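First the structure, in the form of structure tokens, and then the observations on it.
Residue numbers (my numbering), protein chains in the order written: chain A, 9 to 225; chain B, 20 to 154.
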């Protein structure tokens with residue numbers, strides 16, 4: 009990324025404030041029902057194959073990592089994301105961490121940066137204030153290096169928190185055939201999920217392409 | 020289009036308030052007069068149904084144009100660029116590639132270099148002539 013001109017995505021005006029009361033509510037939710045959630049997560053991760061370039065469904069694409077992460081999530085749910093949040097809060101206005109990743113969720117690709125939110129297809133089985141780890145990371149780019157996954161950056165993980173499970177705006181589906189007295193009118197609201205991205209990790213060991221000086225041809 | 024038992028022209032059985040709400044911004048009497056507005060709103064809903072499908076096609080061709088422009092700055096054309104990416108099994112889609120070409124020029128250049136090394140066939144990366152070639 010240019011040092012002289014910051015790309016539009018890194019400008020601080022577009023970032024949103026992190027909701028601070030999240031850590032407390034997350035702790036309480038996890039302690040309330042640890043065991044069934046662990047089962048569900050383990051089952052989900054067992055179904056999912058190796059990160060091959062297979063187009064996955066919306067539910068299966070969100071996989072939590074192996075047992076160690078799940079244990080960590082249940083017992084120390086506060087410990088894992090809080091350092092990231094504390095750092096971001098301490099940084100103040102510098103909420104953009106000079107890193108972005110391209111992640112695939114529900115067979116759609118998104119450019120994510122820590123501190124921002126994205127709307128994805130509805131993730132079934134994820135409740136509000138859940139920690140989600142996204143494994144299909146196709147590209148990670150920092151200020152100096154670009155880690156281009158072929159197709160996936162191995163061991164990279166994007167941490168996100170489920171903020172809201174809502175629905176899109178209403179779309180009116182209107183079908184009409186002229187002169188045949190056929191018309192149908194239907195309203196539709198697609199369910200979606202809002203994810204707040206908290207951090208990107210695990211990409212350091214991947215062979216990287218250094219971002220060289222920009223020489224316009 | 021006119022039903023015998025109905026007094027108004029047009030099929031849509033929504034009440035007038037809803038029709039006028041959908042007819043905001045229409046030209047001329049189509050936003051004010053119910054008979055004209057009803058027809059125009061019907062047409063607008065049909066167009067929106069068709070165009071929700073067309074939007075996907077249009078966006079993809081726009082992304083391809085943008086990627087083409089971005090890669091030609093580096094001396095690679097779109098076809099060779101995509102061929103190189105598929106050879107390297109990079110699965111970024113065109114939407115993300117066009118965003119990168121617009122907002123993250125350095126990462127995009129790294130991608131172009133990867134593609135060029137996988138599938139040469141364009142003019143070489145940097146030509147240095149004269150004194151610079153020796154240095």
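Even for Gly, the Cβ is constructed at its ideal location relative to N, Cα and C.
Computed from a prediction, not measured in an experiment: that's the story for all the values here.
With the criterion set as a beta carbon lying under 9 Å from some beta carbon of chain B, the members of the segment 154-166 of chain A are 154, 156, 157, 158, 159, 160, in sequence order. Chain order gives the chain B residues near residue 184 of chain A as 61, 65, where near means a beta carbon separation below 7 Å. By the Cβ-count criterion, residue 135 of chain A is exposed, with fewer than 16 other Cβ atoms from all chains shown falling within 10 Å of its own Cβ. Note: residue 206 of chain A is not bridge-paired with any residue in the DSSP secondary-structure output. Contact fails between the segment 122-133 of chain A and the segment 97-106 of chain B, because fewer than three Cβ pairs, one in each stretch, are under 8 Å apart. Proximity of chain A to residue 110 of chain B at the Cβ level (cut-off 9 Å) is accounted for by 61, 112, 117, 146, 157, 158, 159, 160, in chain order. In the DSSP annotation of this structure, the continuous segment of the beta strand (DSSP E) that includes residue 153 of chain A starts and ends at 153-156. Using a Cβ-Cβ cut-off of 8 Å, residue 118 of chain B is close to 119 of chain A, given in chain order. By the Cβ test, the segment 106-117 of chain A is in contact with the segment 109-128 of chain B, since at least three Cβ pairs between them sit closer than 8 Å. The C-beta separation of residue 170 of chain A from residue 203 of chain A comes to about 6 Å, placing the pair in contact by the 8 Å criterion. With 16 or more other Cβ atoms inside 10 Å of its own Cβ, residue 146 of chain A counts as buried.
Between residue 45 of chain B and residue 57 of chain B, the C-beta spacing is not below 8 Å. Ranked by how close their Cα comes to the Cα of residue 135 of chain B, the residues B:55, B:94, B:84 have B:94 in first place. The C-beta of residue 208 of chain A comes no closer than 8 Å to any C-beta of chain B. In the DSSP annotation of this structure, the continuous segment of the alpha helix (DSSP H) that includes residue 91 of chain B starts and ends at 53-91. Neighbours of residue 107 of chain B in chain A, taken as residues at a C-beta separation under 7 Å, are given in chain order as 158.
Using beta-carbon distances, residue 88 of chain B does not count as an interface residue toward chain A, since no partner is under 8 Å. In the displayed model, residue 147 of chain A falls within a strand according to three-state DSSP. For the alpha helix (DSSP H) assignment, the uninterrupted runs of no fewer than 4 residues enclosed by the segment 100-126 of chain B are, from N- to C-terminal side, 113-122. Take the alpha-carbon of residue 130 of chain B and the one of residue 176 of chain A: they are about 34 Å apart. Counted as a single uninterrupted DSSP element, the alpha helix (DSSP H) harbouring residue 39 of chain B occupies residues 35-41. With contacts defined by Cβ atoms closer than 8 Å, residue 55 of chain B and residue 38 of chain B do not form a contacting pair.
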